[in-house]
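What follows is a short report on a single structure.
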Amino acid sequence: MAAPPGSPPAGAAEAPPSQPGELTAEQGSVSAKPGGRGAARAGRVREVVDVRLQPFLQVSRAGRLSFCTKVCYGIGGVPNQVASSATAFYLQLFLLDVAQIPAAQVSLVLFGGKVSGAAADPVAGFFINRSRRTGSGRLMPWVLGCTPFIALAYFFLWFLPPFTSLRGLWYTTFYCLFQAMATFFQVPYTALTMLLTPSSTERDSITAYRMTMEMAGTLMGATVHGFIVSGAHRSNRCEDTELPVPAAVSPDATRLYSIAAAVVVATYHACSGLLCLGVKEQPDPSASASGQGLGFLAGLGLTARHPPYLKLVVSFLFISAAVQVEQSYLVLFCTHASRLHDHVQNLVLIILVSAVLSTPLWEWVLQRFGKRTPAVGIFVMVPFAILLAAVPTAPVAYVVAFFSGVSIAVSLLLPWSILPDVVDDFQLRHQHGPGLETIFYSSYVFFTKLSGAGALGISTLSLEFAGYKAGACKQAEEVVVTLKVLIGAVPTCMILTGLCILLVSPTPKVPSQDTSCQLSLRRRTSYSLA
1 MAAPPGSPPA GAAEAPPSQP GELTAEQGSV SAKPGGRGAA RAGRVREVVD VRLQPFLQVS
61 RAGRLSFCTK VCYGIGGVPN QVASSATAFY LQLFLLDVAQ IPAAQVSLVL FGGKVSGAAA
121 DPVAGFFINR SRRTGSGRLM PWVLGCTPFI ALAYFFLWFL PPFTSLRGLW YTTFYCLFQA
181 MATFFQVPYT ALTMLLTPSS TERDSITAYR MTMEMAGTLM GATVHGFIVS GAHRSNRCED
241 TELPVPAAVS PDATRLYSIA AAVVVATYHA CSGLLCLGVK EQPDPSASAS GQGLGFLAGL
301 GLTARHPPYL KLVVSFLFIS AAVQVEQSYL VLFCTHASRL HDHVQNLVLI ILVSAVLSTP
361 LWEWVLQRFG KRTPAVGIFV MVPFAILLAA VPTAPVAYVV AFFSGVSIAV SLLLPWSILP
421 DVVDDFQLRH QHGPGLETIF YSSYVFFTKL SGAGALGIST LSLEFAGYKA GACKQAEEVV
481 VTLKVLIGAV PTCMILTGLC ILLVSPTPKV PSQDTSCQLS LRRRTSYSLA
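Under my numbering, think of the first position of the sequence shown as 1, with each following residue one higher.
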């Protein structure tokens, strides 16, 4: 990096002593013979850098993290992914068939919870940024303080209250509380990346540990929860029933769901404890030098007018909503619209395993062939979703589950790979300095959550119009047709719409290597993929 005007030239005989805001030049910037006079001069060479970048550029032994610290940090992200995976696949089935509340109320529960989670993103960022540092740090108290509340809300989300008339309100309240508390847990947890080490290389390393642990948590959540509650949805309880009448709620069903919820609650406390014991938050080195940035609304107005970002968000509003609809209705489809109820746990497991295993492959494709080529992988879901709706047999379902997992992996990976380039492109054009990166990421999360809320709310409401009977052993033909549309036609239309917007959008300019190195130091904001 070239020295700014007024700084001593490389190789000067008498370089001034190091001052705050200066950094030792990189090895190799001055060539000198070992032990010679040039080596002595090289040892005194200093390069003045922007004080805002100093905390991110300093790499010392103190900045290196142990393997134990990285593992403990990664474990901290497991419980949120376990809970999110379990709710994504099984909450709708629980509300309809175990809690037996009307589909219209289920729609309100899902919509309200997703909206509360989306609204909590900017609120969490506002309050956490204004909080004071304590003895255990500035972010860690938020993580530990939210843990008992999120565990309590999650447990009561799967609890069957003794009354029936207000169950819709009960589950709406606790799902909204769970989503909000999960956001207040996740925001400071991901922001800890910045306060564990000043080394950008180490930050990349702990982010990789976090992503690996979170993907394992996603797999564990759906698998463990599914195997625990599998006994609550056995097909023999409806063998002697020909009419679509509601079946009595089995005490075993409520007990199994409570046990599954208790396992996740224990996961929250255990993982948060390991995070607290194994990770030590460092003081924020950029707090005094970052200055006062743009307000959230002003920054949001600037980012929303950036064409590459706008088209990226709009395209993945459709794609992410399609993935959420596919996940939410797979279990219902297998239970009520096909004879696949005995294969549900295996299908969910295949989806998640194929998603985890195909992620490194898509990362290689993305780096080798660019960031438009993997979009073909998202399209893979389209023909297989239609095939499952048309031919709902076990062999077809297993093939569809495998390719759906492959498609889901690239749909989750691709936006987080494109978003840094969009941020770099914006910085090159506007030069507003650090601070707007958080707005890019948080507003993207906000809008994708909001789109998922709308898609799930409207689609669940369609079941009410089709005549879905909560807890019934056999649903009407209109309900079966509606489930086939929701599992096949709806995701297909949304994916095709999103891909059309994504592929016709202009590719953001990729900055040169030198500029990219500087910009990447200012966009080290990590958010969860799952």
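Here a beta-carbon is modelled for each residue, glycine too, at the ideal position from N, C-alpha and C.
Sequence-distant residues of the same chain with beta carbon closer than 6 Å to residue i, five excluded per side
i	result
Ile408	Val323, Ala355
Phe174	Ala153, Phe156, Leu157
Pro141	Thr134
Ala216	none
Pro392	Ser338
Residue i, enclosing alpha helix (DSSP H) - first and last residue
i	result
Gly168	167 to 191
Lys311	307 to 336
His269	251 to 278
Trp142	140 to 157
Cys493	490 to 504
Leu196	Looking at the DSSP string, Leu196 is not in any alpha helix (DSSP H), and its letter there is neither H nor E.
Leu483	477 to 484
Helix, strand or coil at residue i according to DSSP, with G and I counted as helix
i	result
Thr608	No answer is possible for residue 608: the residues shown for the chain start at 1 and end at 530.
Thr373	coil
Val78	helix
Ala390	helix
Thr134	strand
Ala99	coil
Arg46	With a pLDDT of 38 at Arg46, under the threshold of 50, the modelled position of that residue is not reliable, and no figure is offered here.
Ala472	strand
Leu160	coil
Ser66	coil
Val380	coil
Arg339	coil
Gly301	helix
Glu281	coil
Gly467	coil
Leu352	helix
Gly433	Any reading at Gly433 is ruled out, since the residue's pLDDT is 49, under 50, leaving its predicted position unreliable.
Chain-order list of residues whose beta-carbon lies under 7 Å from that of residue i (same chain, five-residue window excluded)
i	result
Val380	Phe403, Val406, Ser407
Val396	Leu387, Leu388
Ala262	Phe155
Leu65	Leu196, Thr197, Glu202, Ile206
Leu108	Gly168, Thr172
Thr482	Ser462, Leu463, Ala466
Leu256	Ile228, Val229, Gly231, Ala232
Ile418	Leu312, Lys371
Ala124	Thr183, Phe184, Val187
Val410	Trp362, Pro374, Gly377, Ile378
Thr448	Phe316, Leu317, Ser320
Interface flag, residue i vs chain D, CB-CB below 7 Å
i	result
Val410	Here there is only one protein chain, and chain D is not present.
Top-ranked residue by Cα proximity to residue i, from the options
i	options	result
Asn80	Ala266, Leu503, Ile495, Ala104	Ala266
Val568	Phe333, Val445, Trp170	With the chain running from 1 to 530 in the structure shown, residue 568 is simply not present.
Ala476	Leu463, Leu486, Gly488	Leu463
Ala466	Leu486, Ser451, Ala118	Leu486
Gln179	Val399, Gly168, Thr87, Val229	Thr87
Tyr398	Trp170, Ile350, Thr373	Ile350
Val490	Ile319, Ser131, Thr147	Ile319
Met181	Trp416, Cys276, Ala83	Ala83
Thr69	Asp252, Gln282, Leu93	Gln282
Tyr329	Thr359, Asp97, Ile259, Leu456	Leu456
Leu96	Thr460, Thr147, Val504	Thr460
Cut-off 8 Å between Cβ atoms - residues of its own chain near residue i, not counting five sequence neighbours on either side
i	result
Leu352	Ser85, Thr218, Leu219, Ala222, Thr223, Gly405
Val78	Met213, Glu214, Ala216, Gly217, Met220, Thr267, Cys271
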